[in-house]
Amino acid sequence: MPQQHRAPTSTANREPHRQRAERDIIALGIVVAAILMFVGTGSTVLTTIARSYLFGEAGTDRLLSNALVLNIALVIFGWRRYAELTREIAERRHAEIASQRLAETDALTGCLNRRSLDPALDTLIETAQKSGRVAVLLMIDLDGFKRSNDAHGHQIGDIVLCQTTDRIRAIMPDDALIARLGGDEFICAMILDAPARSAAETILLRLNLAIAAPIESADSMIIVTASIGVSSSEQASVVPIFRLAQDLLHRADLAMYEAKKNGRNRFCWFEDAMEQKLRLRRQFETDMRDGIMRGEFVPYYEKQIDLETGEVIGFEMLARWHSPRFGLINPEQFISVAEEIGLIAQLSESLIAQALADAGDWNPKLSLSVNISPIQLRDPLFAQRILKLLVQANFPPSRLEIEITESCLHENIEIVRSLIASLQNQGVRVCLDDFGTGYASLAQLRALPFDRIKIDRSFVSTLISNSESPAIVEAISSLARSMDMPITAEGIESPEVLAQLRKFGKFNGQGYLYGQPRSADDTRRELSMQQLDENDAPAHQTQNLKSATT
Ligand code: C2E
Ligand code: MG
Ligand code: MG
């Protein structure tokens, strides 16, 4: 890795330069004076010496001879100083060129850096415009680089970045710009003949393929892919030239996010609709921030049933947003946004606090399950935060169950393990949600002492309609049973599914067969009606009511 030099710009560095320049001027003055004196005295003294040798005339003036010797010494000194000076100037020039190059390039990959990209891009666009050709800009973001960096360490991360740069260089035209904006983000720009789309796509396809090829490191094989956003000056003809570079960057950025959203490891051209989407997204984010403050996010509750007895044993809290602008919104639309904009912890804690208050009024036998985002588990104080909420609501920890998804297992497993341990020490149960959709290994499952696993609804709800689902549900059930872990099946939508499920053993369950998630008021009403029924009806009738859905 090239060493980083600091450009000699500080005041501390400038002072010795000035002193040296002053010294050089004095030295130059002395040399010029010495040469003049040499010319003046040299001819007299040398002629006198020659005469005294040739014609035996009287000897030279001693003072003049000494002056001549001094003169010669000064000229030699001057000459040496001149040579030194020339060398110093050459060295300084080299150092300046090197430090400028370092200031303009990314030290790791040798690409242009953020600072040098703008002027280089302006020049490229101007060249393209003058020659009637097209400037095409690519925003390349590596997929999964952070995860690979976390898993294999920064040294391997550096190797990945350098190899990726080499692959990009090998494919881009020789005169293309290649810049790294830090992290795993690259920008490339090239000039192509109009229309540029098909030539650009040939390059883009090759880029995606080359970057996705495995990278061999000392002891592992690493695969990263790239999401590439593309914009071109052909699409941006209405933008004034001075704003074109910024506009192309902005458009390629939007297109890159689209490529990520569409599944990564692909390229995506900018389209006008993306701008509209961005405006909507910004609106959504602003509304979310305001909505949290205004209490528009509320808990809904979905029944959880003991499938053997038919009894309601608890509720899962599922967030809903009553947005004045967008209507009733499901969590799948806003949880990921809250995670991206850093609101998830605040939102989740406000929902859990409301849910603990609601559940405080229910029958104390009923449990409350809450979903937690993987991002919240990165907070080392997470367990303490939950405990604080429990204390504030005076809610028994044994009634609370925390649901985490398999994606949490991709986080630092040690942190997750210690979080689970501290929650369980407080008496809170921890459950692995949506099991089967991620890639939790048997080893991970054994390493983390979950209290329960939940089979994902996509397998349960399709037990009848999809021929593969029964085998998956059976496999998960026997795995959980072999580990002595109770199971909840989500997504029970019909009596047929329930009947099929029962063949695989004993479960708790939830799903639309038992009712949709309902608001806090509706849930409270339903529970008190049930309580009334139970108080009124003779014991055998209550049992019949319960088993109506079993
Ligand atoms: P989940 O935890 O797996 O929740 C179950 C989801 O399945 C809920 O969707 C529920 O309405 C739906 N569902 C229930 N029964 C059935 C059924 O019989 N058939 C079908 N097709 N679906 C059923 P919902 O409420 O839209 O929640 C979606 C996901 O959002 C949840 O999946 C959970 O992962 C997440 N989520 C919900 N609330 C929160 C929250 O407060 N914090 C976090 N981090 N995530 C939440
Ligand atoms: Mg859940
Ligand atoms: Mg689930």
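Numbering (our numbering) for the sequence shown: 10 to 559. Note that CB positions come from ideal geometry on N, CA and C, so glycine has one too.
Is residue i a contact residue of ligand 1, with contact defined as CB to any heavy atom under 7 Å?
i              : result
glutamine 255  : no
asparagine 122 : no
alanine 328    : yes
arginine 2     : Look at the range of the chain in this structure, 10 to 559, and you will see that residue 2 is not part of it.
serine 240     : no
asparagine 414 : Residue identity check: residue 414 is threonine in the sequence provided, not asparagine. Indeed, a heavy atom of ligand 1 lies less than 7 Å from the Cβ.
glutamate 311  : yes
proline 340    : yes
glycine 351    : no
serine 470     : yes
isoleucine 479 : Before going on, a small fix: residue 479 reads as proline here, not isoleucine. No; taking the cut-off as 7 Å, the Cβ of proline 479 has no heavy atom of ligand 1 nearer than that.
serine 474     : no
glycine 520    : yes
leucine 170    : no
isoleucine 200 : no
proline 3      : In the structure as shown, the chain starts at 10 and stops at 559, and residue 3 therefore has no counterpart that could be examined.
Check whether the Cβ of residue i lies closer than 7 Å to any heavy atom of ligand 3, and answer yes or no.
i             : result
lysine 463    : yes
glutamate 499 : yes
arginine 206  : no
aspartate 442 : yes
What is the DSSP secondary structure of residue i, counted as helix, strand or coil?
i              : result
proline 128    : helix
alanine 254    : helix
glycine 300    : helix
methionine 326 : strand
cysteine 120   : coil
aspartate 542  : helix
arginine 89    : helix
isoleucine 149 : strand
methionine 46  : helix
asparagine 316 : Checking the displayed sequence, the identity of residue 316 turns out to be leucine instead of asparagine. Leucine 316: coil per DSSP, three-state reduction.
methionine 181 : coil
glutamate 243  : coil
leucine 186    : strand
serine 157     : helix
glycine 38     : helix
asparagine 271 : coil
leucine 518    : According to the sequence shown, residue 518 is glycine rather than leucine. Of the three classes helix, strand and coil, the one that applies to glycine 518 here is strand, per DSSP.
tyrosine 523   : coil
valine 307     : strand
threonine 18   : At threonine 18, the pLDDT of 37 sits below 50, so the modelled position is not reliable and the matter cannot be decided from this model.
glycine 238    : strand
Closer than 7 Å: is that where the CB of residue i sits relative to any heavy atom of ligand 2?
i              : result
aspartate 460  : no
aspartate 296  : no
aspartate 183  : no
proline 483    : The sequence as given places glutamate at residue 483; proline does not occur at that position. Not under cutoff, so the answer is no.
asparagine 421 : no
asparagine 372 : no
methionine 517 : A quick correction: the sequence has asparagine, not methionine, at residue 517. No, ligand 2 has no heavy atom inside 7 Å of this Cβ.
glutamate 325  : yes
Report the CB separation of residue i from residue j in whole angstroms; it is logged as a contact under 8 Å.
i              : j                 : result
glutamate 352  : isoleucine 301    : Per the sequence presented here, residue 352 reads as leucine, with glutamate not at that position. Sure, about 7 Å apart at Cβ, within 8 Å.
isoleucine 237 : alanine 268       : 6 Å
asparagine 274 : asparagine 339    : Wrong, their Cβ atoms sit about 28 Å apart, outside the cutoff.
glutamine 435  : alanine 392       : 7 Å
serine 229     : arginine 260      : Contact flag wrong, Cβ pair sits at about 37 Å.
glutamate 317  : lysine 512        : About 14 Å; that fails the 8 Å criterion.
isoleucine 220 : arginine 176      : 6 Å
aspartate 442  : asparagine 380    : 7 Å
glutamate 505  : isoleucine 485    : Not a contact, Cβ separation roughly 20 Å.
leucine 263    : phenylalanine 279 : 6 Å
arginine 519   : glutamate 325     : Residue 519 is actually glutamine in this sequence, not arginine. The Cβ separation is near 6 Å, so the contact holds.
glutamate 637  : serine 376        : Residue 637 is absent from the model: the chain starts at 10 and stops at 559.
isoleucine 501 : leucine 522       : 5 Å
Quick one: does residue i have its CB under 8 Å from some CB of chain D?
i          : result
serine 407 : In summary, chain D is missing from the structure at hand, where a single protein chain is found.
Does the pairing of the region 305-314 with the region 515-533 give three or more beta-carbon distances under 8 Å? Verdict: yes, contact present.
Report yes or no: do the region 387-406 and the region 356-363 share at least 3 C-beta pairs separated by less than 8 Å? Taking a contact to require three or more Cβ pairs closer than 8 Å, the region 387-406 and the region 356-363 qualify as touching.
Continuous alpha helix (DSSP H) assignments of at least 4 residues falling wholly in the region 416-496: Segments of the alpha helix (DSSP H) lying fully in the region 416-496: 422-435, 451-456, 466-469 and 478-491.
Any 3 or more C-beta pairs closer than 8 Å across the region 447-454 and the region 411-426: Touching, yes, given that three or more Cβ pairs across the two stretches are closer than 8 Å.
Sufficient close CB pairs (3 or more, under 8 Å) joining the region 40-57 to the region 72-91: Touching, yes.
Does the contact criterion of 3 or more C-beta pairs under 8 Å hold for the region 461-471 versus the region 434-449? By the Cβ criterion, the region 461-471 is in contact with the region 434-449, since at least three pairs of Cβ atoms, one from each stretch, lie closer than 8 Å.
Say whether the region 102-118 touches the region 162-179, bearing in mind that this needs 3 or more beta-carbon pairs closer than 8 Å, one atom from each stretch. Verdict: yes, contact present.
For the pair the region 141-154 and the region 205-215, tell me if three or more CB-CB distances fall below 8 Å. Counting Cβ pairs under 8 Å, three or more are found: they touch.
Which runs of the alpha helix (DSSP H) spanning at least 4 residues fall entirely within the region 352-419, listed in chain order? If one requires a minimum length of 4 residues, the alpha helix (DSSP H) runs lying completely within the region 352-419 are 353-369, 383-386 and 391-402, in chain order.
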